[in-house]
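Participant: First, the structure itself, so that you have it in front of you.
4 protein chains.
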Amino acid sequence: MSGGRRGVQRSETARMAILQATAALVARVGYDRTTVEGIAAEAGVGKQTIYRWWPSKSAVMLESLVEGVMLPHTFVPPDTGDIEADLASWLGAMAGFFQDPGNGSLLRSLITAAMDNEEIGARVNEQLGSLGKIEARLSRAEAAGQLRPGVSARLLNETFIGVVVTRLLARSTLTGDDVRELTALVLHGARP
Amino acid sequence: MSGGRRGVQRSETARMAILQATAALVARVGYDRTTVEGIAAEAGVGKQTIYRWWPSKSAVMLESLVEGVMLPHTFVPPDTGDIEADLASWLGAMAGFFQDPGNGSLLRSLITAAMDNEEIGARVNEQLGSLGKIEARLSRAEAAGQLRPGVSARLLNETFIGVVVTRLLARSTLTGDDVRELTALVLHGARP
Amino acid sequence: MSGGRRGVQRSETARMAILQATAALVARVGYDRTTVEGIAAEAGVGKQTIYRWWPSKSAVMLESLVEGVMLPHTFVPPDTGDIEADLASWLGAMAGFFQDPGNGSLLRSLITAAMDNEEIGARVNEQLGSLGKIEARLSRAEAAGQLRPGVSARLLNETFIGVVVTRLLARSTLTGDDVRELTALVLHGARP
Amino acid sequence: MSGGRRGVQRSETARMAILQATAALVARVGYDRTTVEGIAAEAGVGKQTIYRWWPSKSAVMLESLVEGVMLPHTFVPPDTGDIEADLASWLGAMAGFFQDPGNGSLLRSLITAAMDNEEIGARVNEQLGSLGKIEARLSRAEAAGQLRPGVSARLLNETFIGVVVTRLLARSTLTGDDVRELTALVLHGARP
DNA sequence: TCCTAAGCGAGACGGTACGTCCGGTCTTTGC
DNA sequence: GCAAAGACCGGACGTACCGTCTCGCTTAGGA
């Protein structure tokens, strides 16, 4: 009947120590210079305890991310009733967060990791702008007559995240003016 | 008098072999798994010949990119007089090009490279959408009364590139519908 | 009433499985490449069951040896009345046994084990040539006037074992001629 | 024409540093506890420089031995004209040398190494008693009428080395009395 | 015409990190 | 309360590349 397995169970202590050591090292020295041996040392853990549970450094990164150890919060638009202000506030929060050099370097590292790990890519997207929350906010705005029907929440989400990432690529800052301008562009359109 | 230098001159053959080997390897195995020793071997060149002229792998990448060895062409919107069609055509061309798995993987590698080399980031941006060309196209559209004045070419450029990159992150495709919808969103705005 | 101890007693099945697995592995892959984990797996036993009862791999080896699981028999000279023939027969038996590649490799493993475990060294000596038996045989020969008094049984024993070991070191065979020659060499000096 | 190879030649400095570090570590901590990483560190050399030129730890050992870095000298009988005294002196020199705990542990390590490397076995034999030198000494003794003709130098050599090795196995000392007794045992038979 | 200063392919060097293997300890569950 | 299972920390293994260095060769001015 049972099938229950014998032996010691996986240590949650070790798991969390690893995820936290990973986040700490990535923030401190960047993704490239974060080594598995370094994580093990920082976590006070044997290297094999990492390789037993994760196939690669980027998988550890991913889990650290998913567990919310790495990025402290997801970015979600508020709801003040004014859709334009709310979207600007959301974009501004992301822009402000990644303006900090440490956080910018962290996101660069995550994107590097995402580029050779599909799951991390999906997860980074999700943590930057949680699609469900965006959809909810937009449908409320639509119901309030602030948006025309049928606007794709997904594309709008990607537009904002995309600009943040593009500025990261180019190492330039997304200013308050840029935030307002992009929000206006998207909401009012470029046509006269 | 002269000051002209003696000895063998830098070998253009070796230089091109290195740039091409780099492009080939990045396309074949990705940026991370491309090694300087691999490039040297692929190019039939000594390792020192690379380190003599470039400080790092990413610098070689950059030059390969700048020389057009890596990405075959820049993406520039046409000018048919219809700004909406032209922008859609430009975005569609990028989307179509990177839909090919090889090209998609190449762009992923370029972005990875960009993440640790600022100049590559700038260059990738430029090769995807050359800002000057976009500005020119937009100002013609503005003159033709198709756009309201003051629309930021830079933000529009980044919006399009950003969405391409974001889809690349998530490994999902930018369809023809997406292209039309994004173009419309940007040009007409989300408000009713 | 009882005072006897409670709980399951040590499993003789496990103990023998371990000793036999040890012998099998040492014969198959040699002492160095025999691992405690390998023994546990081969014996179908937990690793701790080994460490609970033995302090080290070489201790398991030793017990396997002592229990006769490893070397099937001790080598003892016969007593036909002719000391020279009897010693030659004893030496020939050892030489013949270790000529078989499997047995040779086993003895090499035993010697390796002996080199880091003093007790194994003593035990191997004893199992090869049991000193007590040799002494008994020699004193009978002495009584029969075949040997001058005072010949050291221990040195004679070591001489024979030593030559076997030396040939093992050099991977060369101790032939029938060698056996006769060595016996003669040693005995003519031992004769009155 | 040439076929001579280009590029930097192997560094003799690194090679000797490695051989000496190996000898030092084996003497200090024993063969088992000598690690390739330890050798590299002791020698101030990269690990790959070891693996580039030797396939295994025991191969390095062998070369250290062959180069005379490990055992400072071969043991060879003197020639005072008195064969019995000379052989006793030779055996006594070996016994005395390996009585020193460091040297004893070194020889144990060498024998361990020899047990899984045939070439080391041959070489250890050769360095302990150089067969050629023994043969020369014995044939001089034979010419001087101190030995009956046809005594096998090889067996005599092996007898002495064998006893040294056997005592090493049993961790017991070969005393001056043992030396005299063994020499006498062997020689009285060898006299005409 | 010779001399000399590059650049070249080759590849050894001291290092760092990889991912695997095993040692010896400890903990959980089942008999 | 022993046995199996197996997770844990530690640390060596052998491999892959890094960026630097030297070697012997070839070629192109300048003397």
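Protein chains in written order, with the working numbering: chain G, 32 to 223; chain V, 32 to 223; chain R, 32 to 223; chain A, 32 to 223. C-beta: ideal position from N, C-alpha, C; glycine also.
Does DSSP put residue 203(R) in a helix, a strand or coil?
Facilitator: Here residue 203(R) refers to the residue found at position 172 of the third sequence. Three-state result, residue 203(R): coil.
Participant: Determine, for residue 123(G), whether the minimum Cβ-Cβ distance to residues of chain V falls below 8 Å.
Facilitator: Indexing the first sequence from 1 puts residue 123(G) at position 92. By this cut-off, residue 123(G) is not an interface position.
Participant: Hey, does residue 120(A) have any beta-carbon neighbour from chain R nearer than 8 Å?
Facilitator: Taking the first residue of the fourth sequence as 1, we reach residue 120(A) at position 89. So, not an interface residue.
Participant: What residue does the alpha helix (DSSP H) around residue 31(V) start on, and which one ends it?
Facilitator: Because residue 31(V) is not part of the residues shown, which for chain V are 32 to 223, the question remains open.
Participant: Between which residues of its own chain and residue 210(G) is the CB-CB distance below 7 Å, once the five residues before and five after are set aside?
Facilitator: By one-based count along the first sequence, residue 210(G) stands at place 179. 119, 122, 123, 126.
Participant: Can you tell me the Cα-Cα spacing of residue 128(R) and residue 137(A), whole angstroms?
Facilitator: Counting from 1 along the third sequence, the entry for residue 128(R) is found at position 97. Counting from 1 along the fourth sequence, the entry for residue 137(A) is found at position 106. Computed Cα separation, rounded: 29 Å.
Participant: Using 7 Å as the cut-off, classify the Cβ of residue 87(R) as near or not near the heavy atoms of the ligand ZN, replying yes or no.
Facilitator: Looking at this structure, you won't find the ligand ZN or any other ligand, since it has none at all.
Participant: I want to verify the contact list: residues of chain V whose CB lies under 9 Å from the CB of residue 130(G), in sequence order.
Facilitator: For this step, residue 130(G) is matched to residue 99 along the first sequence. By Cβ distance, chain V contributes nothing, its closest Cβ being about 16 Å from residue 130(G), past 9 Å.
Participant: Judging by CA-CA distance, which residue of 177(A), 99(A), 146(A), 75(A) is the nearest neighbour of residue 111(A)?
Facilitator: The residue you call residue 111(A) lines up with position 80 of the fourth sequence. Comparing Cα-Cα distances from residue 111(A) to each of 177(A), 99(A), 146(A), 75(A), the minimum goes to 177(A).
Participant: Which chain A residues sit within Cβ distance under 9 Å of residue 156(R)?
Facilitator: Counting from 1 along the third sequence, the entry for residue 156(R) is found at position 125. By Cβ distance, chain A contributes 197, 200, 201.
Participant: What does residue 212(A) reach in chain R if we use C-beta pairs closer than 8 Å?
Facilitator: In the fourth sequence, residue 212(A) corresponds to position 181, counting from 1. In chain order: 183, 186.
Participant: Any C-beta of chain R within less than 7 Å: which residues of the stretch 135 to 156 of chain A qualify?
Facilitator: 139, 142, 143, 145, 146, 147, 149, 152, 153, 155, 156
Participant: If I measure Cβ to Cβ from residue 217(G) and keep anything under 7 Å in the same chain, skipping five residues before and after, which residues do I get?
Facilitator: To locate residue 217(G), count along the first sequence from 1; it is residue 186. Answer for residue 217(G): 187, 190, listed in chain order.
Participant: Which one or two residues does DSSP pair with residue 106(V) in a beta bridge?
Facilitator: Taking the second sequence and counting its residues from 1, one reaches residue 106(V) at position 75. DSSP, once it has assigned bridges, lists 160(V) as partnering residue 106(V).
Participant: Suppose you measure from the CA of residue 169(A) to the CA of residue 199(A); what does that come to, to the nearest Å?
Facilitator: To locate residue 169(A), count along the fourth sequence from 1; it is residue 138. To locate residue 199(A), count along the fourth sequence from 1; it is residue 168. Computed Cα separation, rounded: 26 Å.
Participant: Return the chain-ordered ranges of every beta strand (DSSP E) run that is complete within the stretch 37 to 82 of chain A and spans a minimum of 3 residues.
Facilitator: none
Participant: Run through DSSP, which three-state label would residue 121(A) get?
Facilitator: Residue 121(A) sits at position 90 when you count from the first residue of the fourth sequence. Three-state DSSP puts residue 121(A) in a helix.
Participant: Let's test the definition: count the other Cβ atoms within 10 Å of the Cβ of residue 131(A) and tell me whether it reaches 16, buried, or not, exposed.
Facilitator: In the fourth sequence, residue 131(A) corresponds to position 100, counting from 1. Answer is exposed; the Cβ neighbour count stays below 16.
Participant: Among the residues of its own chain, which have a CB less than 8 Å from the CB of residue 77(G), if the five just before and after it don't count?
Facilitator: Counting from one through the first sequence, the residue named residue 77(G) turns up at place 46. 71.
Participant: Can you find a C-beta in chain R that's less than 8 Å from the C-beta of residue 192(A)?
Facilitator: On the fourth sequence, residue 192(A) is found 161 positions in, with the first residue counted as 1. Yes, because at least one Cβ of chain R sits closer than 8 Å to the Cβ of residue 192(A).
Participant: Can at least three beta-carbon pairs, one atom from the stretch 79 to 93 of chain R and one from the stretch 156 to 171 of chain R, be found at a separation below 8 Å?
Facilitator: no
Participant: Contact defined as beta carbons within less than 8 Å: I believe residue 192(R) pairs with residue 197(A). What is the distance between those atoms, to the nearest angstrom?
Facilitator: What you label residue 192(R) is simply residue 161 of the third sequence in a count that begins at 1. What you label residue 197(A) is simply residue 166 of the fourth sequence in a count that begins at 1. Cβ-Cβ separation between residue 192(R) and residue 197(A): approximately 5 Å, consistent with a contact (criterion under 8 Å).
Participant: On the CB-based measure, 16 or more other CB atoms within 10 Å of its CB, does residue 43(A) come out buried or exposed?
Facilitator: Taking the first residue of the fourth sequence as 1, we reach residue 43(A) at position 12. Exposed.
Participant: I believe residue 96(R) touches residue 151(R) by the beta-carbon criterion, under 8 Å. Please report the beta-carbon distance rounded to the nearest angstrom.
Facilitator: Taking the first residue of the third sequence as 1, we reach residue 96(R) at position 65. Taking the first residue of the third sequence as 1, we reach residue 151(R) at position 120. Between residue 151(R) and residue 96(R) the Cβ distance is about 7 Å, and since that is below 8 Å, they are a contact.
Participant: Check whether the Cβ atoms of residue 133(R) and residue 52(R) lie closer than 8 Å to each other.
Facilitator: Numbered from 1 along the third sequence, position 102 holds the residue referred to as residue 133(R). Numbered from 1 along the third sequence, position 21 holds the residue referred to as residue 52(R). Not in contact: residue 133(R) and residue 52(R) (Cβ atoms no closer than 8 Å).
Participant: Please report the residue range of the alpha helix (DSSP H) in which residue 111(R) lies.
Facilitator: Taking the third sequence and counting its residues from 1, one reaches residue 111(R) at position 80. Segment: none, residue 111(R) is in no alpha helix (DSSP H) and carries neither H nor E.
Participant: Can you give me, in chain order, the residues of the stretch 101 to 116 of chain R that have a beta carbon less than 8 Å from any beta carbon in chain A?
Facilitator: none
Participant: Measuring alpha carbon to alpha carbon, tell me which residue in 37(G), 155(G), 207(G), 175(G) is nearest residue 105(G).
Facilitator: For the purposes of this step, residue 105(G) is identified with residue 74 of the first sequence, where counting begins at 1. That would be 155(G), whose Cα lies nearest to the Cα of residue 105(G).
Participant: Quick one: which chain G residues come within Cβ less than 9 Å of residue 217(V)?
Facilitator: Within the second sequence, numbered from 1, the residue matching residue 217(V) stands at position 186. Contact of residue 217(V) with chain G by beta-carbon distance below 9 Å involves 190, 216, 217, 220, 221.
Participant: For residue 139(G), which residues from the same chain have a beta carbon less than 7 Å from its beta carbon, with the 5 sequence-adjacent residues on both sides left out?
Facilitator: Along the first sequence, one-based indexing puts residue 139(G) at 108. Result list for residue 139(G): 199, in chain order.
Participant: Could you check if residue 143(G) is buried or exposed, using at least 16 other CB atoms within 10 Å of its CB as the buried criterion?
Facilitator: To locate residue 143(G), count along the first sequence from 1; it is residue 112. Under this definition residue 143(G) is a buried residue.
Participant: Exposed or buried, which one is residue 109(R) when buried takes at least 16 other CB atoms within 10 Å?
Facilitator: Here residue 109(R) is taken as the residue at index 78 of the third sequence, counted from 1. By the 10 Å Cβ count, residue 109(R) comes out exposed.
Participant: If we cut at 8 Å on Cβ distances, does residue 40(G) have a partner in chain V?
Facilitator: Counted from its first residue, the first sequence places residue 40(G) at position 9. Chain V, which has no Cβ nearer than 8 Å to the Cβ of residue 40(G), makes this no.
Participant: Report the option in 183(V), 180(V), 114(V), 99(V) whose CA atom is closest to the CA atom of residue 157(V).
Facilitator: Residue numbering aside, residue 157(V) sits at position 126 when the second sequence is read from its first letter. The alpha carbon of residue 157(V) has as its nearest neighbour, out of 183(V), 180(V), 114(V), 99(V), the alpha carbon of 99(V).
Participant: Can a CB atom of chain V be found closer than 8 Å to the CB of residue 178(G)?
Facilitator: Your numbering for residue 178(G) matches position 147 in the first sequence. Interface residue, yes.
Participant: Rounded to whole angstroms, what's the CA-CA distance from residue 62(G) to residue 60(V)? Just pull it up for me.
Facilitator: Mapped onto the first sequence, residue 62(G) falls at position 31. Mapped onto the second sequence, residue 60(V) falls at position 29. About 20 Å.
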